[in-house]
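Some notes on the structure that comes next.
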Amino acid sequence: MEKRKIQTPFDEPVLSLAFDTLKLNKQCLIFVNTKRSAEKTAEEIAKNVTAENPDLLTIALDAKSALSSPTHQCERLSFCLRKGIAFHHSGLAAKQREIIEEKFKEGVVKIICCTPTLAYGLDLPAFRVIIKDLKRFGRQGLAWIPVLDYLQQAGRAGRPKYDSRGEAIAIAQTDSEKEKIIDLYIHGEPEPIHSKLAVEPALRMYLLSLIATEMVSSKKEIFLFFEKTFWAHQYQDSSRLETIIERMLELLEEWEFIRENEEQYRATPLGNRVSQLYIDPFTAFQMTECLRRAASKTVDTFSFLQMISYTLEMRPLVKVKTKEFEEIQTQVASFHEVLITEEPGPFDAEYDEFLDSFKTALMLHEWMNEQTEEFLLENFSVRPGELQAKLDIAEWLLYTAQEMSTLMHFQSLHRHIAKARFRIKYGAKEELFALLRLENIGRVRARKLFAQGIKDLGDVKKADIEVLARLLGKGIAQSVKKQVGQPELLTKTLEGFT
DNA sequence: GGACGGTGAAACTTCAGGTTGCCTC
DNA sequence: GAAGTTTCACCGTCC
Numbered sequence: 151m152e153k154r155k156i157q158t159p160f161d162e163p164v165l166s167l168a169f170d171t172l173k174l175n176k177q178c179l180i181f182v183n184t185k186r187s188a189e190k191t192a193e194e195i196a197k198n199v200t201a202e203n204p205d206l207l208t209i210a211l212d213a214k215s216a217l218s219s220p221t222h223q224c225e226r227l228s229f230c231l232r233k234g235i236a237f238h239h240s241g242l243a244a245k246q247r248e249i250i251e252e253k254f255k256e257g258v259v260k261i262i263c264c265t266p267t268l269a270y271g272l273d274l275p276a277f278r279v280i281i282k283d284l285k286r287f288g289r290q291g292l293a294w295i296p297v298l299d300y301l302q303q304a305g306r307a308g309r310p311k312y313d314s315r316g317e318a319i320a321i322a323q324t325d326s327e328k329e330k331i332i333d334l335y336i337h338g339e340p341e342p343i344h345s346k347l348a349v350e351p352a353l354r355m356y357l358l359s360l361i362a363t364e365m366v367s368s369k370k371e372i373f374l375f376f377e378k379t380f381w382a383h384q385y386q387d388s389s390r391l392e393t394i395i396e397r398m399l400e401l402l403e404e405w406e407f408i409r410e411n412e413e414q415y416r417a418t419p420l421g422n423r424v425s426q427l428y429i430d431p432f433t434a435f436q437m438t439e440c441l442r443r444a445a446s447k448t449v450d451t452f453s454f455l456q457m458i459s460y461t462l463e464m465r466p467l468v469k470v471k472t473k474e475f476e477e478i479q480t481q482v483a484s485f486h487e488v489l490i491t492e493e494p495g496p497f498d499a500e501y502d503e504f505l506d507s508f509k510t511a512l513m514l515h516e517w518m519n520e521q522t523e524e525f526l527l528e529n530f531s532v533r534p535g536e537l538q539a540k541l542d543i544a545e546w547l548l549y550t551a552q553e554m555s556t557l558m559h560f561q562s563l564h565r566h567i568a569k570a571r572f573r574i575k576y577g578a579k580e581e582l583f584a585l586l587r588l589e590n591i592g593r594v595r596a597r598k599l600f601a602q603g604i605k606d607l608g609d610v611k612k613a614d615i616e617v618l619a620r621l622l623g624k625g626i627a628q629s630v631k632k633q634v635g636q637p638e639l640l641t642k643t644l645e646g647f648t
């Protein structure tokens, strides 16, 4: 292996390496351990790059206009992209991620500073990979990342089609750290792979679905099935395994998702649906409890937002900052009447998480009241990409809640939940519902129309095409008119209108 | 004497990512 | 554990 001295014009080794890569006219990925750090590193590099080209300007603009109202994060990304540098993490809008990945593949974007997201799933090889942080914050504070993660990141180096070799560079702060890295990652063994089946939610879901689909019905069959899994193979102790499965069966029965009759297990209608919806039975059970409570008290949209926020699926939650602690507490008190989850006491272990769920619900609530991504970023520290992920899950959970309310014969709740779900999906108030049914009309356009007194499909019909075109643009105005059944009328009127 | 502003050190805060689900409200 | 952010004491300046 050849050795080469790299010039170090910067104090920060990552910067020097980045510029060395640019000088070689190659590309690199820089792995760091936080989103903030990814953004900052990219920015630092970009600040020192002089070259700008028109290609990059268009990308930068595209990235900025990915959202109807650009956030601070968008501006920052746009600034970096103008220099051919990018940062990449789960907080980015999907469209922005697409742009970055595509342009990196094309060789237009030279450097991506990213969190470990990019190491998995995506096929984005680079000549050089720089692993800046080999430690990551976890349960026991800052700890060395698993060897598997290191290999996954280092494995991005070298593009088979273009380079005969690749470079993976790990950065050590001290000599002793250097030793440690060589020991741990270069000579170390990857950790053994563990079956995920042993994770409780997975086991619960799996077990219920096996019964619901009638793949198995007696205990004996169930044990037999699991004995053949990788989990059992790893576990080696089949009696303990059986204890775990038995306990799980008891729970599923207690939750009324399965029933035992003459040694045969069958899923109940509710259990069947839960299994089809692919939701953790524990979450489903908690929902049934909440819905029962909801049926006998006054509830509003927020009740359900908090209910879904207080589930495993919604994690990680929006965290209550130390400063906000009291404020959130008082808010909880004022919402007390409508909450349908079981509220833990201030000294219970789950209390913090309960407050987090409440804050998460507040965030969702702001979204459905038409607050912008920027507002949510500023006030809840939720980035656009994370917001979208949360919204998807929230919508799905509300759907399952809706389905369950039907099976439980809570018709009044059903309507309530369906409404909440629609509002989560579009991030809009109820008054925009009619307009949102139109294709190409999201909350922004709907709000524009509404502000001009065009409030429903009838108004759209009555509205002058030119007015619509001014608000929505010509193409969309036409499409909208067509959707309300007035296609030919406008082609004429629109002639000469640009 | 007091309001204001700048400075730096200490105290505090925060920290990756994630697949499927369902079907129209 | 470390980087980034906020808070706060301290000092000098100006009115």
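So for the first sequence, my numbering puts the first residue at 151; every next one is plus one. We treat Cβ as the ideally placed atom computed from N, Cα and C, and that holds for glycine.
**Request:** Determine the closest residue to A362 out of R533, Y428, S453, with distance taken between C-alpha atoms.
**Result:** Translated into the one-based positions of the first sequence, residue 362 becomes position 212. A362 has its Cα closest to that of Y428, out of R533, Y428, S453.
Are the beta-carbon atoms belonging to K617 and L588 less than 7 Å from one another?
-> For this step, residue 617 is matched to residue 467 along the first sequence. For this step, residue 588 is matched to residue 438 along the first sequence. According to the sequence provided, residue 617 is Val. The question's Lys does not apply to it. No, the Cβ-Cβ distance between V617 and L588 is not below 7 Å.
**OP:** Indicate the three-state DSSP secondary structure (helix, strand or coil) for V259 in the structure shown.
**Re:** Looking up residue 259 in the first sequence gives position 109. Three-state result, V259: coil.
C-beta contact flag for H239 and I250 at 7 Å: For the purposes of this step, residue 239 is identified with residue 89 of the first sequence, where counting begins at 1. For the purposes of this step, residue 250 is identified with residue 100 of the first sequence, where counting begins at 1. No, they are not a contact pair.
message = Just to confirm the assignment, what range does the beta strand (DSSP E) spanning Y415 have?
response = Indexing the first sequence from 1 puts residue 415 at position 265. Residues 414-417.
Can you give me the Cβ contacts of V164 inside the same chain, cut-off strictly under 7 Å, excluding the 5 residues immediately before and after it?
-> Within the first sequence, numbered from 1, the residue matching residue 164 stands at position 14. Excluding residues within five positions, the ones whose Cβ falls inside 7 Å are I180, T191, I280, K282, I321.
Is the beta carbon of V278 less than 7 Å from the beta carbon of T171? Taking the first residue of the first sequence as 1, we reach residue 278 at position 128. Taking the first residue of the first sequence as 1, we reach residue 171 at position 21. First, the residue type needs correcting, since residue 278 is Arg and not Val in the sequence shown. Result yes, Cβ atoms of R278 and T171 sit closer than 7 Å.
query: By how many angstroms is the C-alpha of D609 removed from the C-alpha of R620?
result: Walking along the first sequence from the start, residue 620 turns up at place 470. Walking along the first sequence from the start, residue 609 turns up at place 459. Their backbone Cα atoms lie some 16 Å apart in a straight line.
Thinking F583 and F572 are a contact (beta carbons under 8 Å), I'd like their distance in whole angstroms, please.
-> Counting from 1 along the first sequence, the entry for residue 583 is found at position 433. Counting from 1 along the first sequence, the entry for residue 572 is found at position 422. Yes, they are in contact, since the Cβ atoms of F583 and F572 sit about 7 Å apart, within 8 Å.
Between L527 and R593, what straight-line distance do the alpha-carbon atoms span, to the nearest angstrom?
-> Counting from 1 along the first sequence, the entry for residue 527 is found at position 377. Counting from 1 along the first sequence, the entry for residue 593 is found at position 443. Each residue's Cα considered, the two are about 18 Å apart.
**Report entry** Residues near G635 in its chain [Cβ-Cβ closer than 7 Å; skip 5 each side]
**Finding:** In the first sequence, residue 635 corresponds to position 485, counting from 1. Nothing listed; no residue qualifies.
Report task. Scan the stretch 252-312 and note each continuous alpha helix (DSSP H) run of 4 residues or more that stays entirely inside, going in chain order. Result -> 297-304
Query raised in the report: Is the number of C-beta pairs between the stretch 501-521 and the stretch 442-459 that are closer than 8 Å three or more?
Result: yes
Review point. So the alpha helix (DSSP H) L621 belongs to, where does it begin and stop?
Key: Locating residue 621 in the first sequence gives position 471, counting from the first residue. 615-622 is the span of the alpha helix (DSSP H), which, as asked, contains L621.
Cβ neighbours of F229 in the same chain (closer than 8 Å, five flanking residues each side left out) = Here the question's residue 229 lines up with position 79 in the first sequence. For F229, where only same-chain residues beyond five positions count, the Cβ hits under 8 Å are E193, A196, A210.
**Report entry** Three-state class that DSSP yields for A320 in the structure shown
**Finding:** As a first step, residue 320 is located in the first sequence; it is residue number 170 there, counting from the start. A320 falls in the strand class under three-state DSSP.
* Inter-residue CB distance, A649 and E520 (contact presumed, cutoff 8 Å) -> Past the boundaries of the shown model lies residue 649; the chain is included only from 151 to 648, so the question cannot be answered.
* Asked: So what does DSSP say about T648, is it helix, strand or coil?
  -> If you number the first sequence from 1, residue 648 lands on position 498. Summary for T648: the model assigns pLDDT 46, below 50, so the residue's position carries little reliability; its value from the coordinates is reported in the next sentence. Coil.
Open item on the list: Using the three-state DSSP reduction, which class does N590 fall into: helix, strand or coil?
Closed with: In the first sequence, counting from the first residue as 1, residue 590 sits at position 440. In this structure, N590 counts as coil in the three-state DSSP scheme.
Ends of the alpha helix (DSSP H) at E439? Indexing the first sequence from 1 puts residue 439 at position 289. Residues 431-445.
key: Residue of L599, E162, F407, I567 minimising C-alpha distance to E581   = Counting from one through the first sequence, the residue named residue 581 turns up at place 431. Selected option, being the one with the closest Cα: L599.
Cα-Cα separation between N426 and R409, rounded to whole angstroms: Position 276 of the first sequence, counting from 1, holds the residue named residue 426. Position 259 of the first sequence, counting from 1, holds the residue named residue 409. First, the amino acid is wrong: residue 426 is Gln here, not Asn. If you take the alpha carbons of Q426 and R409, they lie about 17 Å apart.
Q: Return the CA-CA distance between D502 and E476, expressed in angstroms with no decimal places.
A: Along the first sequence, one-based indexing puts residue 502 at 352. Along the first sequence, one-based indexing puts residue 476 at 326. Looking at the two C-alpha atoms, the distance is approximately 12 Å.
Cutoff 7 Å; reference P351; Cβ partners in own chain excluding five residues on either side: Position 201 of the first sequence, counting from 1, holds the residue named residue 351. Counting only Cβ-Cβ distances below 7 Å, and skipping sequence neighbours, we find D430, F432, L462.
Pull up the distance between the alpha-carbon of A539 and that of R442, whole angstroms please.
The residue given as residue 539 occupies position 389 in the first sequence. The residue given as residue 442 occupies position 292 in the first sequence. Distance between the alpha carbons of A539 and R442: 28 Å.
Alpha-carbon spacing of K233 relative to S215, whole angstroms | Taking the first residue of the first sequence as 1, we reach residue 233 at position 83. Taking the first residue of the first sequence as 1, we reach residue 215 at position 65. Their backbone Cα atoms lie some 17 Å apart in a straight line.
**Q.** Beta-carbon proximity check, R595 vs L557, cutoff 7 Å
**A.** On the first sequence, residue 595 is found 445 positions in, with the first residue counted as 1. On the first sequence, residue 557 is found 407 positions in, with the first residue counted as 1. No; because the gap between Cβ atoms is not below 7 Å, this pair is not in contact.
### Message
Count Cβ pairs between the stretch 300-318 and the stretch 263-278 that sit closer than 8 Å; are there 3 or more?
### Response
yes
TODO: Label F169 either buried or exposed according to how many other C-beta atoms from any shown protein chain fall within 10 Å of its C-beta, with 16 as the threshold for buried.
DONE: For the purposes of this step, residue 169 is taken as residue 19 along the first sequence, with counting starting at 1. Buried, by the Cβ-count rule.
Practice item. Mind reading off the beta-carbon distance from F373 to I394? Whole number of angstroms is fine, and I expect it under 8 Å. Key: In the first sequence, residue 373 corresponds to position 223, counting from 1. In the first sequence, residue 394 corresponds to position 244, counting from 1. Actually they do not touch by this definition, with Cβ atoms about 11 Å apart.
Taking DSSP's pairing of strands, which residues face E410 in a bridge? Counting from 1 along the first sequence, the entry for residue 410 is found at position 260. DSSP, once it has assigned bridges, lists Y415 as partnering E410.
Next on the checklist: Here's the rule I'm using: 16 or more other beta-carbon atoms within 10 Å means buried, otherwise exposed. How should R154 be labelled?
Outcome noted: Residue numbering aside, residue 154 sits at position 4 when the first sequence is read from its first letter. Exposed, by the Cβ-count rule.
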